[in-house]
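Undergrad: This is the structure, below, for whatever I ask next.
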Amino acid sequence: MKFSDLITKNIHIIGINGIGMSALAIYLKKNNINVSGSDIAKNSNTKILNKNDIEVTIGHKPSNIKNKDIIFYSSAIKNNPELSEAKKNKIPHFSRSKLLQLICKDKFTIVISGSHGKTSTTSLLGHLLVSCGLNPTIISGGIMSNFGQNIYLTDSNYVVVEADESDGTIFKLNPNYLVYLNVDQEHLDFYKTYEVLKKKIKNYILKISKKSKVIINIDDHYLKTLNRSSSNVITFSGKNDSTYKYKIKSLNDTKSIFDFYFKNKKIKRDITSPLLGEHNVQNLTAILSVLHDLNLDTNNHSIMKYKGTKRRMNKLGKIGKSTIIDDYAHHPTEIKKLIEVSKLFKKKSVFLIIEPHRFSRLNDLYEEFLNSLKNIKNLYILKTYPAGETIKKNMKDSKNLVNDLNVKFRQNAHYLDNYEDLFDTLDEIIKGSIEKVIICAGAGSISNQLKLYYDSRKK
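As structure tokens, this is what we get:
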């Protein structure tokens, strides 16, 4: 099947309101393909889809796929009546990865992957390629503030796409450039063990590097082992000998400044980025490596015009003396990086509110959560967001996490049982005349609740 085969078909997407599926639906619509979809509830993506004249049905039922020719479904879809109906009636049905394959085929594709940092890296690379005149289509896993949505559509032959390992999507793509940022214990519900995930990544990198460029971060312990796997593997680092390298000059709460090296020769000095923390310097180094290898250039003016991505250290605004920040961190590594960034606000009191996401993740990585959150002042932990899971016997939850932090490390972490508790806590924190920074992080509903809170309290 080719992408052009979809033009005469009626396409239906199950789970269309998801951040990934909604972007692909818009891509289809902009290419004059008749597309509709369904989901269990409305969200902010529903409005974007409706603005693009895409019909979204709330609720899943067999009648939703009547007169549909092809079904695509989100990896989050399980035991769905529409998917069952498609199978029963032998309607062709494919996962999201198939649709992404069709879009990227015959395009010059740059894929961004890794456990952490994909969305910010994808959107910033896309932004800089646009400023360079390449004007690629960009498919991101988050709302790109420079473009107002999670997809930027052009007629260019270039595509920049975010692809993760959560459902094996990435392993079905054949990009011209593959950027691998890091490898961590993530999506173990799908791969069962970390060793299986690492083996899949290794085999994929070996496969892609036979014909395409692969850019890897060798500050990552596992990726470093793949350093010499192919002549097409290009490396970047902040501390190891690599093709490209960065040296930090300054990190603060407004910007990051560093020098950029190619084969140990400084080729750019005082690169200035609005993104905070060394991990974002690392990601920008990956981007600069791609640009340099493509014989493209950028400058601080273009970099500083990058407006960020929603839910990634996204500053909602101020209430009184308190700055409210929304972030997506939900893995111990991401939380650790978030805490490092919070320490850059040296003249302000920082309050951190975490909503753990999935009982399985919390329990698989329980010790890592403890280590990332130990000795943190002004820490609040919300009830675990289940994301469709149910807690099993002997599993730990947020209450256990708070208790263990307080007992083992003698700290004063606080448990919040619901969003009403969250609102009450925020009301208490924002009181007074001291400058404060409140960071709320998680992949569940905490982001929407924080926006509701902010909109109800701002003046």
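Each number in my numbering comes from the position in the sequence shown (counting from 1) with 628 added on.
Note that CB positions come from ideal geometry on N, CA and C, so glycine has one too.
1. How big is the Cα-Cα spacing for Ile-1058 and Leu-903?
2. Specify, as a first and last residue, the run of the beta strand (DSSP E) that Arg-724 falls within.
3. So, under 8 Å CB-CB, Tyr-1008 and Thr-1053 are touching, yes? Tell me the CB distance rounded to an integer number of Å.
4. Please return the same chain residues whose Cβ sits closer than 6 Å to the Cβ of Ser-725, not counting the five positions on each side in sequence.
5. Nearest to Gly-643 by CA position, among Ser-930, Ser-632, Ile-846, Asn-692, is which residue?
6. When DSSP builds the beta bridges, which residues end up paired with Asp-955?
7. Give the list of continuous alpha helix (DSSP H) stretches no shorter than 4 residues that lie fully inside the segment 820 to 869.
8. Report the residue ranges of all beta strand (DSSP E) runs contained in full by the segment 798 to 822; include only those spanning at least 3 residues, in chain order.
9. Considering only residues of the same chain and omitting the five flanking positions on each side of Lys-604, which have a CB-CB separation below 7 Å?
10. Would the segment 944 to 960 and the segment 1063 to 1073 be scored as touching if the rule is three or more Cβ pairs under 8 Å?
11. Measure the Cβ-Cβ separation of Phe-888 and Thr-913 and say whether it is below 8 Å.
12. Please name the residue in Glu-790, Pro-1014, Ile-699 whose C-alpha comes closest to that of Ser-743.
13. What first and last residue would you give for the alpha helix (DSSP H) that runs through Glu-906?
14. What separation, rounded to the nearest whole angstrom, lies between the Cα atoms of Asn-1028 and Phe-987?
15. Inspect the beta-carbon positions of Asn-942 and Ile-953 and report whether they are closer than 8 Å.
16. Could you tell me whether the segment 739 to 753 touches the segment 804 to 819, using the rule of 3 or more Cβ pairs below 8 Å?
17. Under 8 Å, do Asn-1006 and Phe-979 count as touching if we go by C-beta distance?
18. Can you tell me which of Arg-989, Ser-857, Lys-867 puts its alpha carbon nearest to the alpha carbon of Asp-848?
19. Tell me the DSSP secondary structure of Asn-673 in three-state form.
20. Does the structure place the segment 709 to 724 close enough to the segment 778 to 788 that three or more beta carbon pairs sit under 8 Å?
21. Asn-999 lies in the alpha helix (DSSP H); which residues open and close that run?
22. Report yes if the CB atom of Ile-982 is closer than 8 Å to the CB atom of Leu-1010, and no otherwise.
23. Hey, how far is the Cα of Lys-735 from the Cα of Asn-763?
24. For Met-649, count neighbouring Cβ atoms within 10 angstroms of its own Cβ and tell me buried if that reaches 16, exposed if not.
25. Among the candidates Ser-917, Lys-1020, Tyr-822, Tyr-1043, whose CA atom is the shortest distance from the CA of Val-1030?
TA: Per the coordinate set shown:
1. 25 Å
2. Looking at the DSSP string, Arg-724 is not in any beta strand (DSSP E); the run it does join, the alpha helix (DSSP H), is 724 to 732.
3. 6 Å
4. Thr-797, Lys-800
5. Closest by alpha carbon: Asn-692.
6. Ala-1069
7. 822 to 836, 849 to 852
8. 805 to 808
9. Because the chain spans 629 through 1087 in this model, residue 604 falls outside it and cannot be assessed.
10. In short, these stretches touch, since the Cβ pair count reaches three.
11. yes
12. Glu-790
13. 906 to 921
14. 12 Å
15. yes
16. yes
17. yes
18. Nearest of Arg-989, Ser-857, Lys-867 to Asp-848, Cα basis: Lys-867.
19. helix
20. The segment 709 to 724 and the segment 778 to 788 do not touch, with fewer than three beta-carbon pairs separated by less than 8 Å.
21. Per DSSP, the continuous alpha helix (DSSP H) segment holding Asn-999 begins and ends at 994 to 1001.
22. yes
23. Whole-angstrom Cα-Cα distance: 13 Å.
24. Buried, because 16 or more other Cβ atoms sit within 10 Å of the Cβ of Met-649.
25. Tyr-1043
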